[in-house]
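**Q** Below is one structure. I have some questions about it.
In the working numbering, the protein residues as written are 2 to 110.
Pasting the structure below:
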């Protein structure tokens, strides 16, 4: 269940960030409301995951995968482009999360 909660937190964080972009600086009511709801739900599920996943591990996965998925959404939905340094940075983030999950001796691994 702990990784299901973490996955839900990641997806909801990406949804919240996407609607934040769509809210145009919180000037549109529906996207603003969806942003707030998504972030509340995101932090609820993150807090549930943190009951059994170490903070550093959970936050690295949450942040890393959130960055990657948000970048994908920015390209697919908002038609933004990613330059080479951005792609390299994303690859490094994903590599770090993979290394941490494969080689970490932290509890819950």
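Note that the Cβ used here is the ideal one computed from N, Cα and C, for glycine as well. Values in this document were obtained by computation on a predicted structure and should not be read as measured data.
1) For residue 54, does the three-state DSSP call read helix, strand or coil?
2) Taking the alpha-carbon positions, what's the residue 82 to residue 72 distance?
3) So is residue 16 in contact with chain B if we call contact Cβ pairs under 9 Å?
4) Going by the CB atoms, is the gap between residue 30 and residue 16 shorter than 9 Å?
5) Once the 5 residues before and after residue 74 are set aside, which same chain residues still bring their CB inside 7 Å of it?
6) Using 8 Å as the cut-off, can you tell me whether the region 96-104 makes contact with the region 39-47, which would need three or more C-beta pairs spanning the two stretches below that distance?
7) Pull up the distance between the alpha-carbon of residue 4 and that of residue 28, whole angstroms please.
**A** In short:
1) coil
2) 9 Å
3) The structure shown has no chain B; it contains just one protein chain.
4) no
5) 15, 19
6) no
7) 35 Å
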